[in-house]
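In the numbering used here, the protein residues as written are 41 to 579.
Using N, Cα and C, we set each Cβ at its ideal position, and we do this for glycine too.
Given the structure is predicted, the values throughout are model-derived calculations rather than measurements.
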């Protein structure tokens, strides 16, 4: 009878702990969902993947233009998932992409909570980790913009969780997913292997990883062989187009990029610094237990991936998009390190309580400030994201107009290969070469260019003879009818300014097209077929 009573009490305690964990995790997710409401946009680059997904779903293959095999994306898994969504919905994949990325972002918060709870056996530290990520502005900004950022972040956390749980199936899924989700994902898989080599040899974790690696290697190798057979290159075209920047400029921009992230993310920085200090204190003690593999992995992921970001020179997108990939690992590193110096084995009850009080006293006010003030006001966060949203909406509106008016066999050249080509749906030349193999691999490289704007070949673009060049230089509508002229297209192309009569875009209503002079009359007649768009200024 006594044993039965003890068992019931134990089960009741475990059930209560489960309910409490679910409630705390749900509360953290609610905070995160409230945070992401500030960032309502779809990334222009997401439409590159959307176009590939659309063509794949329609039976044209994973291509940008029909018949041209160019790997202009670097997120294969995300592209395939969106192709499936397109097959199911038979409509614009944008809402599905936003929903899927938001679910992955919320899933990352939950997975981080589960990871820290598993390693520390503490709901307090799990809640701190979840709240820390929920307050991360960069992660929130890219949580529902249609890109694969949140999915990639989720998979990184799942790799750590697979190591912590010693689960073969979870680790296998995470290793396959992270390797296929982004081109550099194989680096994350390699870091998991290094982790096992450092602290897991001969342990159950080590054998778990070896089995997972054996299961996940064939899919990755098959995908690599398919890519080479289908596209003819191992390096994605979108990556090749960005190569060629001067190393000193790349490193300077990359260092400033990382510095800007930590300067704006007070909560993430605080957890990272506190964790670093905690690690130093822990290592200074004579008696120390081996570090759990999950802690070593998030340490390696945080350091190595941040170094990778510095090496590539950061990213041009707002809100430090690349750092959003590794932010959960940085938060996990800080919290797991803090938990080690305040565990029952290493600290007294009074010290543990005092430490948790200090953490809460700092996390709550700084978290509130981060969500309510910094996210809304920092120039590289909500203000820039909103401005970017208006640009993308304008480019999408222009793409739909070109689809309605231009002949089906018309070719358009554009600086912004995103929303405009996706909604235009016709043959499109990406003048920056992300989706054009000739420009990316054989074009001119500008060593002093900004990230993503390195490659060009204007004689080649002119040789392709597009009917229209959308002269936005990556922006959307203009506020005045002053023409935006690109000197590279001036020979043989005439700038014409159009006014969109029914647009409500706050940036303006004017768009400059540079039209082939030899086909000016016919192209103008076609474009003027839409009564809602008129010529505002012509030569």
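Nearest C-alpha to residue 141 among 350, 500 and 188: 188.
Cβ atoms of residue 467 and residue 105 come within 8 Å of each other, at about 5 Å. In terms of Cβ geometry, residue 198 and residue 173 do not form a close pair [threshold 9 Å]. For the pair residue 249 and residue 236, the CB atoms are nearer than the 9 Å cut-off. Put simply, the backbone Cα of residue 355 is about 42 Å away from that of residue 391. In this structure, the CA atom of residue 566 is about 15 Å from the CA atom of residue 578.
Annotated three-state conformation of residue 113 is coil, per DSSP. Taking each of 157, 110, 296 and 206 in turn and checking the Cα distance to residue 379, the smallest one comes out for 157.
Spanning the alpha carbons of residue 321 and residue 315 requires a straight line of approximately 10 Å.
Here the alpha carbon of residue 539 sits roughly 30 Å from the alpha carbon of residue 497. The C-beta separation of residue 136 from residue 129 comes to about 6 Å, placing the pair in contact by the 8 Å criterion. The residue among 439, 71, 190 and 76 with its C-alpha nearest the C-alpha of residue 415 is 76. The residue from 507, 159, 61 and 546 with its alpha-carbon nearest to that of residue 534 is 507. Residue 518 is not a Cβ neighbour of residue 553, given a cutoff of 9 Å. Exclusion of the five residues before and after residue 64 leaves 153, 163, 166, 167 and 170 as the residues of its chain whose Cβ lies within less than 8 Å of its Cβ. Its Cα nearest to that of residue 144, the residue 186 stands out among 271, 186, 515 and 266. For residue 417, same chain residues with a beta-carbon under 8 Å away, outside a window of 5 residues either side, are 423 in chain order. Counting C-beta pairs with one atom in each stretch, the stretch 76–90 and the stretch 454–462 have three or more that are closer than 8 Å, which means they touch. By DSSP's assignment, residue 556 forms a beta bridge with 533. Shortest Cα-Cα distance from residue 370 to any of 357, 345 and 402 involves 345. Buried is the label assigned to residue 85, since at least 16 other Cβ atoms lie within 10 Å of its Cβ.
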